Amino acid sequence: MSPPASPASPASPASPASPASPSPLSPPSSSTPPANEKDLVVTATDVQVVGATPELQQIINSVIKTQAGGETSQNQIQRDVAAILDTGLFVDARVNTTTSPVGLSVVYRVQPLIVRSLQLSGAKTLTYQVVLPLFQPQIGKAISPEALKQTVEQINKWYADKGYNLARVVSIKPSSEGILSLNVAEGLVSNVKFRFVNDEGNTVDSKGKPVTGRTKEDFLRQQLKLKPGQIFQNNVVKQDLQQLYKLGLFENVNVALEGDATGVDVVYQLKELGARGINVGGNYNADQGIVGTLNYQDRNIGGINDTLSANVEVGARDFQFDGRYSSPYRITNPDRFGYSINAFRKRGLSEVFDGDVKLANADRPREGKIGGSVSLQRPIDGWDTSLGFNYARVSIRDRDGTITPKDEKGNPLTFSGTGIDDLATVSFTAVKDQRDNPFNPTKGSILSLSTEQSVPIGLGNISMNRLRANYSQFLPVKLYNSKNPQVLALNLQGGTVLGDLPPYDAFNLGGPNSVRGYDAGDVGSGRTYVLASAEYRFPVFPILGGVLFADFGSDLGSGDTVLGNPAGVRNKPGSGFGYGAGVRFDSPLGLIRADYGLNDLGESRLHFGIGQRF
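Heads up, the sequence shown is in UniProt numbering, so the first residue is 1 and it goes up one at a time.
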């Protein structure tokens, strides 16, 4: 059915239409006075209404001017009959008058309109199956404006309960045949538009031209469930907002509505993040000497959310790189998988082996990895899933690059015992992400489940399965009045390894992404672990936030089940607790965090990182 031509107030049905031709007045029981006597004013000694329900009698009494004890005339009585018919609630109205020495007795005889059927117009979501039961008690009875009003409220509530926030009843008009014409406006989406916002919060630049964005509008439309021609539904718009945030391309996404319930334009106002960046730098450290770095990242190649990142480090002793290209799954092309390709060469101090026990030459162990991975992604029943193949050749070396298979106490550092392992795995990950923003969530949750099965090939012939689960919940709180949101963030995660476990691949506890207040890996290195964290995040200034946090982690006594017991020989406690405070700075490079943590041993550490802890 087509939408109505114009909206009206939803609070109550519009005034009913008048019949095409009102019934003529019936002759009074007394003789009709001459024409020049019709304006003769007399006293109405008695006024009665016959044939109407009590509700309709009240309506008649409110529209007629002739009242008991008041003055009236034949012309006024005729105008009263016309007013009764003009309500549209009666198919006939007549009047009888009787004169007496003290005045005039008036009897209005009416025939109320009988509701016989319903006609629905302007509806796409509202059906006869919904509205007929609501009107059924009125069918075959005299029309009741109060009953119609209550039914309108029920229909508007039905719209609201279904999330059709713009939909409402425009009017109910009865015909003289008893047909109720129910006209609704449901919030038909005429168009979906996108407007990009600059740093000043404007959608036009200094020259009055629209701000342009890198992201293609066709790509954005493909992400949305709400399309032109559909009915505006609040929960669908919320899902679309969440989907746009999940792209990781936007700092802010807002929705504006233009038009009315008969035709509305949905306008998404988008503030893009700095998706492209290149950094060239250098540093000096005692381990590697002078190191030059080159970092490049583009998170929106071609304006369709493809990502390319490349990190290169060149030093006097080593050359390292990490490159990745990703193209996410497109819901508009369900037969195409998303994919990611990664290649890397890394070397650094081992979090598992770094400590009091060193190599035989008194050097600190370095863990090197070279390899790559390929993964395919697609959603399954509301879960974002990924299937990947990963390969890494892992070696333990000293500062000069010499392979060292054992530490100074003779404990093996690789599973093969040669100082080099080949680790090939097939991984599967399922994620249910219900956060409102993947980078800085204020509500919702995310659950990640993963398994990684090794393929026993190459050096070490490793056969293992790594299981992990990670759950985060974000709860909006308001401990004080603030413009920006306050959040209670909770995280619980755990994992275990079945089968062979190379010592360098143990679960490490401690550090900026684990138990703060400890250095990386100083709490434990185990086959199994649990880690719990809680944060209260609050705004300080528009670009600066604060955090109070507490972390607890444990290897559940599994440290000595790792080959060579690296945690035990380095006197790691196996469990630890940390707490403290930190700041979050919203910079052009992303969210930068700094946390000052105290641990249960009385030690303290200052940690830095990019993005929220979880």
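Every residue, glycine too, gets a C-beta built ideally from N, C-alpha and C. Computed from a prediction, not measured in an experiment: that's the story for all the values here.
Determine the direct distance from the alpha carbon of residue j to that of residue i, and round the result to whole angstroms.
i: residue 635; j: residue 317; result: Because the chain in this structure spans residues 1 to 614, residue 635 falls outside the shown range and cannot be described.
i: residue 220; j: residue 244; result: 8 angstroms
i: residue 101; j: residue 81; result: 25 angstroms
i: residue 113; j: residue 59; result: 14 angstroms
i: residue 322; j: residue 340; result: 13 angstroms
i: residue 43; j: residue 179; result: 40 angstroms
i: residue 256; j: residue 198; result: 17 angstroms
i: residue 236; j: residue 224; result: 9 angstroms
i: residue 344; j: residue 483; result: 43 angstroms
i: residue 496; j: residue 424; result: 18 angstroms
i: residue 477; j: residue 534; result: 14 angstroms
i: residue 189; j: residue 267; result: 11 angstroms
i: residue 166; j: residue 74; result: 49 angstroms
i: residue 357; j: residue 305; result: 46 angstroms
i: residue 365; j: residue 462; result: 21 angstroms
i: residue 153; j: residue 162; result: 14 angstroms
i: residue 500; j: residue 164; result: 56 angstroms
i: residue 362; j: residue 511; result: 24 angstroms
i: residue 269; j: residue 201; result: 10 angstroms
i: residue 310; j: residue 297; result: 6 angstroms
i: residue 275; j: residue 410; result: 49 angstroms
i: residue 259; j: residue 265; result: 6 angstroms
i: residue 383; j: residue 434; result: 10 angstroms
i: residue 248; j: residue 385; result: 18 angstroms
i: residue 390; j: residue 457; result: 13 angstroms
i: residue 550; j: residue 354; result: 25 angstroms
Nearest to residue i by CA position, among the options, is which residue?
i: residue 530; options: 501, 494 and 512; result: 494
i: residue 119; options: 421, 166 and 171; result: 171
i: residue 226; options: 192, 203, 200 and 197; result: 192
i: residue 557; options: 88, 574, 547 and 175; result: 574
i: residue 472; options: 301, 583, 613 and 464; result: 613
i: residue 303; options: 290, 209, 552 and 328; result: 328
i: residue 542; options: 452, 485 and 389; result: 485
i: residue 332; options: 433, 222 and 265; result: 222
i: residue 505; options: 393, 336 and 239; result: 393
i: residue 349; options: 383, 389, 391 and 401; result: 401
i: residue 528; options: 509, 513 and 545; result: 509
i: residue 592; options: 489, 279, 546 and 524; result: 546
i: residue 603; options: 395, 148 and 518; result: 518
i: residue 474; options: 443, 459, 275 and 260; result: 443
i: residue 214; options: 273, 386, 370 and 532; result: 273
i: residue 525; options: 351, 69 and 315; result: 351
i: residue 439; options: 387, 78 and 252; result: 252
i: residue 108; options: 182, 419, 66 and 521; result: 66
i: residue 39; options: 76, 61, 46 and 70; result: 76
i: residue 88; options: 168, 145 and 69; result: 145
With a threshold of 16 other CB atoms inside 10 Å of the CB of residue i, please say whether the residue is buried or exposed.
i: residue 50; result: exposed
i: residue 608; result: exposed
i: residue 30; result: Confidence at residue 30 is low in this model, with a pLDDT of 34, below 50, so its placement is unreliable and the value that follows should be read with caution. Answer is exposed; the Cβ neighbour count stays below 16.
i: residue 16; result: Residue placement at residue 16 is flagged as unreliable, the pLDDT there being 35, under the threshold of 50; the coordinate-derived value follows with that caveat. Classification for residue 16: buried.
i: residue 84; result: buried
i: residue 184; result: buried
i: residue 319; result: exposed
i: residue 584; result: buried
i: residue 572; result: buried
i: residue 441; result: buried
i: residue 104; result: buried
i: residue 52; result: buried
i: residue 498; result: exposed
i: residue 126; result: buried
i: residue 150; result: exposed
i: residue 123; result: buried
i: residue 48; result: exposed
i: residue 481; result: exposed
Say whether chain C places a C-beta atom closer than 9 angstroms to the C-beta of residue i.
i: residue 213; result: Included in the structure is just one protein chain, with no chain C present.
**Asked** Residue ranges of each beta strand (DSSP E) run of no fewer than 3 residues wholly in the segment 419 to 494, ordered along the chain?
**Response** Here the runs fully enclosed are 420 to 433, 444 to 455 and 464 to 477.
**Asked** When the Cβ atoms of the segment 377 to 394 are set against those of the segment 538 to 552, are three or more pairs found closer than 8 angstroms?
**Response** With the cut-off at 8 angstroms, the segment 377 to 394 and the segment 538 to 552 do not touch.
**Asked** Which runs of the beta strand (DSSP E) spanning at least 3 residues fall entirely within the segment 120 to 156, listed in chain order?
**Response** List check, beta strand (DSSP E) in window: nothing returned.
**Message:** Could you check whether the segment 205 to 220 touches the segment 153 to 170, counting it as contact only if at least three pairs of C-beta atoms, one from each stretch, sit closer than 8 angstroms?
**Reply:** At 8 angstroms Cβ cutoff, the stretches do not touch.
**Message:** Just to confirm the assignment: which complete beta strand (DSSP E) runs, minimum length 3, are found wholly within the segment 378 to 414?
**Reply:** Counting only runs of 3 or more, we get 383 to 397.
**Prompt:** Between the segment 561 to 578 and the segment 588 to 600, do at least 3 Cβ pairs fall closer than 8 angstroms?
**Reply:** Because the criterion of three Cβ pairs below 8 angstroms is met, the segment 561 to 578 and the segment 588 to 600 touch.
**Item:** Contact the segment 404 to 411 vs the segment 428 to 445: 3+ CB pairs below 8 angstroms
**Value:** No: the two stretches stay apart, fewer than three of their Cβ pairs being nearer than 8 angstroms.
**Request:** Count the C-beta pairs between the segment 463 to 470 and the segment 444 to 454 that are closer than 8 angstroms, then say yes if the count reaches three, no if not.
**Result:** As far as the Cβ criterion goes, the segment 463 to 470 touches the segment 444 to 454, which means the pair count is three or higher.
**Request:** Counting only runs of 4+ residues fully inside the segment 213 to 278, write out the alpha helix (DSSP H) ranges in chain order.
**Result:** Listed in chain order, they are 217 to 223 and 234 to 246.
**Message:** Please give the ranges of any beta strand (DSSP E) in the segment 89 to 119, keeping only runs that are unbroken, at least 3 residues long and fully inside the region.
**Reply:** Taken in chain order, the complete beta strand (DSSP E) segments of 3 or more residues contained in the segment 89 to 119 are 90 to 100 and 103 to 112.
**Prompt:** Of all the alpha helix (DSSP H) runs that stay within the bounds of the segment 537 to 567, which reach a length of 4 or more residues?
**Reply:** Fully enclosed alpha helix (DSSP H) runs of 4 or longer: not present.
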